[in-house]
């Protein structure tokens, strides 16, 4: 049975789910190679407080996109009225202006903004109490909103991402975000979000989620977190266990882009060793996870499984959307 969704009261509750998803993901400790609440200052060139500042600054965008999407659903407008790209850009700028640590939550933004929009749209178009919506439907609706984005939306997203300057992108032959003529190229192609995300979906997990209806989130990440909670782990440990479990299955995209596939596979192999020893469910597994965190932290961010953390945030959002309360 597919987990059913709890109908949100309003756009404020959708915003709360997004913010809490980010807070719980960033706070979870010891989340190997990523910021958590006990990370030593300077380890990754940013502080825990800067992450919290960015989450707070982005929060109005989640409300705004949910509100617009809810109205779109209520009035039966086409999904391109949501203008997802402008909300992406707004969130990126707010993130940068709120703290001095730079790009901290781009992946969260790219995943949570569409999920907020999808939830709002479903709420506005009529929540069917007799046939409750489920997380797979939410992933599909969110993907449809992404698919209906206009070229103007893509340009707005590019403008935001050029300010963010995400690492490891490199140069691509078509629709290069770093091209001086990106607006002209996007207009000529009449580019959609699918056009710009699909080419990297084979290796970039965020792109794969955006083009594939959040399949990893609904089929793997959410079940991992839910199962961990069912087996008696508290929220923190369930998130850490699920993070390591997901990393063991999928080489991290950020590590892959910055360091190559072999290095990403090496990190996933070490994560698999920790899971094989029980992960957060056993003392030995916990030691393995702690050792993995120390090893990755010693690289000063060079081996940062940031994309895995982004997918965990999306999984937490799905968990909260089913009515879970920490």
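Residue numbers (the numbering used here): 8 to 333.
Just so you know, even glycine gets a beta-carbon here, dropped at the ideal spot from N, CA and C.
Because the structure is a prediction, the values reported are computed rather than measured.
The C-alpha of residue 81 is placed about 33 angstroms away from the C-alpha of residue 316.
Inclusion of residue 108 and residue 52 in the CB contact set at 9 angstroms is warranted, their separation being smaller than that value.
Taking every protein chain shown into account, the CB of residue 45 has fewer than 16 other CB atoms within 10 angstroms, so this residue is exposed. The criterion of a C-beta distance shorter than 9 angstroms is satisfied by residue 87 and residue 160. Here residue 156 really is in contact with residue 91; their C-beta atoms are around 5 angstroms apart, less than 8 angstroms. By alpha-carbon distance to residue 74, the top candidate from 121, 146, 195 is 121. Per the C-alpha coordinates, the member of 243, 167, 158, 304 positioned closest to residue 32 is 243.
Secondary structure at residue 79: helix, using DSSP grouped into helix, strand and coil.
Counted as a single uninterrupted DSSP element, the stretch harbouring residue 332 is not any alpha helix (DSSP H), since DSSP gives it neither H nor E. Sequence-distant partners of residue 163 (beyond 5 residues in either direction) whose C-beta falls short of 6 angstroms from its own C-beta, in its chain, are 92, 93, 96.
Under the DSSP assignment, residue 112 falls outside any alpha helix (DSSP H); it carries neither an H nor an E label. Proximity of the stretch 201-219 to the stretch 256-271 meets the contact definition, three or more beta-carbon pairs being nearer than 8 angstroms. Straight across, the Cα-Cα distance linking residue 129 with residue 25 is about 16 angstroms. Where residue 20 is concerned, the enclosing alpha helix (DSSP H) starts and stops at 18-34. Only residues of its own chain outside the window of five on either side were considered, and among them 192 have a CB closer than 8 angstroms to the CB of residue 186, listed in chain order.
According to the DSSP assignment, residue 235 belongs to the alpha helix (DSSP H) that extends over 229-237.
DSSP, reduced to helix, strand and coil, places residue 11 within a strand of the structure shown. Residue 21 is a Cβ neighbour of residue 69, given a cutoff of 9 angstroms.
A residue is called buried once 16 or more other Cβ atoms fall within 10 Å of its Cβ, and residue 38 is buried on that count. At least 9 angstroms separates the beta-carbon of residue 217 from that of residue 253. Residues 96 of the same chain have their beta carbon placed closer than 6 angstroms to that of residue 166, with the five preceding and five following residues left out of the count. Between residue 111 and residue 47, the CB-CB gap reaches or exceeds 9 angstroms.
Taking every protein chain shown into account, the CB of residue 300 has 16 or more other CB atoms within 10 angstroms, so this residue is buried. According to DSSP, residue 41 shares a beta bridge with no other residue. When the alpha-carbon of residue 171 is set against those of 247, 103, 303, the nearest one is in 103. Under the 10 Å beta carbon count, residue 255 is surrounded by 16 or more other beta carbons and is classified as buried. Only exposed fits residue 332, as fewer than 16 other CB atoms lie within 10 angstroms of its CB. In summary, residue 85 is exposed, with fewer than 16 beta-carbon neighbours lying within 10 Å of its beta-carbon over all protein chains present. Beta bridge pairing from DSSP links residue 141 with 11.
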